[in-house]
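*Asks:* Sequential numbering of the sequence shown, starting at 3, is according to my numbering.
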Amino acid sequence: MKHFILSLIAIFCSVSAFSQANGAATQQFFQLPIVPDSIQNFQRRCDYMLAHYWDFCDLKKAFSSRDKMADAFDMYLSFMPYATASEVFSSVDNFFGRISRQPKDVEFIASMAESRLYSDSAEYKSEELYSHFLDNILKIKKISKESRNYYQAQSRILHNSREGMIAPSFDFVDPEGRKMQFIIDPNQFATVLMFTSPNSTAANLARLRLDADIKTSQLIESGMVKIYQIYVEEPDTTPATPNGWTTGIAPGIETVYDVSTIPMFYILNSSGKILKKGPDVDPLLNVMQQIRIPKKKKDAPDGNLPE
Numbered sequence: 003m004k005h006f007i008l009s010l011i012a013i014f015c016s017v018s019a020f021s022q023a024n025g026a027a028t029q030q031f032f033q034l035p036i037v038p039d040s041i042q043n044f045q046r047r048c049d050y051m052l053a054h055y056w057d058f059c060d061l062k063k064a065f066s067s068r069d070k071m072a073d074a075f076d077m078y079l080s081f082m083p084y085a086t087a088s089e090v091f092s093s094v095d096n097f098f099g100r101i102s103r104q105p106k107d108v109e110f111i112a113s114m115a116e117s118r119l120y121s122d123s124a125e126y127k128s129e130e131l132y133s134h135f136l137d138n139i140l141k142i143k144k145i146s147k148e149s150r151n152y153y154q155a156q157s158r159i160l161h162n163s164r165e166g167m168i169a170p171s172f173d174f175v176d177p178e179g180r181k182m183q184f185i186i187d188p189n190q191f192a193t194v195l196m197f198t199s200p201n202s203t204a205a206n207l208a209r210l211r212l213d214a215d216i217k218t219s220q221l222i223e224s225g226m227v228k229i230y231q232i233y234v235e236e237p238d239t240t241p242a243t244p245n246g247w248t249t250g251i252a253p254g255i256e257t258v259y260d261v262s263t264i265p266m267f268y269i270l271n272s273s274g275k276i277l278k279k280g281p282d283v284d285p286l287l288n289v290m291q292q293i294r295i296p297k298k299k300k301d302a303p304d305g306n307l308p309e
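1) If you run the structure through DSSP and keep just helix, strand and coil, what is L277?
2) Could you tell me the boundaries of the alpha helix (DSSP H) in which V283 lies?
3) For the beta strand (DSSP E) containing V175, list its first residue and its last residue.
4) Just grab the DSSP bridge partners of N271 for me.
5) In terms of residues, what are the limits of the alpha helix (DSSP H) holding M51?
6) Can you give me the C-alpha to C-alpha distance between P281 and D107, rounded to a whole angstrom?
7) Quick one: Cα of T243 to Cα of Q231, how far?
8) So F75 is in the alpha helix (DSSP H); what residue range does that whole segment cover?
9) Could you check which residue in T198, P200, N245, N206 has the C-alpha nearest to that of L221?
10) If contacts are defined as beta-carbon pairs under 8 Å, then A124 and S133 qualify, I think. What distance do you get, rounded to the angstrom?
11) Please report the distance separating the alpha-carbon of I7 from that of F44.
12) Determine whether the beta carbon atoms of P105 and K144 lie at a separation below 7 Å.
13) For the stretch 272–279 against the stretch 212–221, do three or more pairs of beta-carbon atoms, one drawn from each stretch, fall closer than 8 Å, so that the two count as touching?
14) Please check the pair Y153 and A112, which I expect to be a contact at CB under 8 Å, by giving their CB distance rounded to whole angstroms.
15) In angstroms with no decimal places, state the Cα-to-Cα distance between S272 and M226.
16) From the DSSP output, which residues share a beta bridge with Q231?
17) Heavy atom of the ligand FAD less than 6 Å from the Cβ of P265, yes or no?
18) For Y55 and I41, I'd like the C-alpha separation in whole angstroms.
19) So, does the stretch 148–168 touch the stretch 247–254, judging by three or more C-beta pairs under 8 Å?
20) Considering Cα atoms alone, identify which of F191, F197, K62, T240 is closest to Q292.
21) Taking DSSP as the reference, what is the three-state secondary structure of K106?
22) Using three-state DSSP, classify K62 as helix, strand or coil.
23) Identify whether K181 lies in helix, strand or coil by the three-state DSSP scheme.
24) Could you check if T263 is buried or exposed, using at least 16 other CB atoms within 10 Å of its CB as the buried criterion?
25) Quick one, are the C-beta atoms of A208 and V283 less than 7 Å apart?
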């Protein structure tokens, strides 16, 4: 308990230090809210900051200084990881409600949100939060047609490839140039989609770790697990294919699946349901360790696939 309290204090101090270091310029831009001393709980203090962050900001004039607005928006996002989800979403809704008649400013915030929440180098990467931003962006009627089409496509991709959805089928080409199609095989206990790039060091290391994992190799040999290594762009040389894997090249796959980070792993059950997704290979290796290979063929496969 003592260590937990100290951790909270450390987090609070880091946020306070961030605010002091960056807040001077922001407070000159507009006054930040002062959290009442009566609110002692750290999470509730962050909730209060989000609920009142823009109270003293004239949002009709603030966007005249895009640099200062970008700094203010960054600080706004910095409180979100420590606040309750309901307060975060409510704050975002209220913020967009105030700028709904400013389509150009909405598009500026949209680009900021994409950079900070969704891009490969996003500081506060969160698919759920970015999806909520997209929902609000697409409610604004007067944003440009180009922006609407762009963000609608992102929203559709995130919806179709989120955890709990059925993984979409797609076409790809194997290293020999043959046209193939990914369709879920109900005979597989689990299917893994690894979206990769030949220029990604992280993806290459992840492939090596998976290929070297004894349990994963055993599951592939038993026919319980199948791994698809799908390149999002054409490699300069013939890609290496670990034993038992299927390799494919699918340019344009980013219009079907969320591949905002490379590598991106999807774990599917026998019905094609997306059980887990993410850029880290460690959760996948943990799942492989939890699957039991039946001693007899008549025995049903077992394991703790994340539901």
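Just so it is clear, CB atoms sit at the ideal spot from N, CA and C, and this is done for glycine as well.
*Replies:* Let me lay it out:
1) strand
2) 283–292
3) 172–175
4) A192
5) 44–54
6) 32 Å
7) 8 Å
8) 68–80
9) N245
10) Contact flag wrong, Cβ pair sits at about 13 Å.
11) Confidence at I7 is low in this model, with a pLDDT of 38, below 50, so its placement is unreliable and the value that follows should be read with caution. Going by the C-alpha atoms only, they are around 11 Å apart.
12) yes
13) no
14) 6 Å
15) 10 Å
16) M196, T249
17) As for the ligand FAD, it is missing from this structure, which has no ligand bound.
18) 16 Å
19) no
20) F191
21) helix
22) coil
23) strand
24) buried
25) yes
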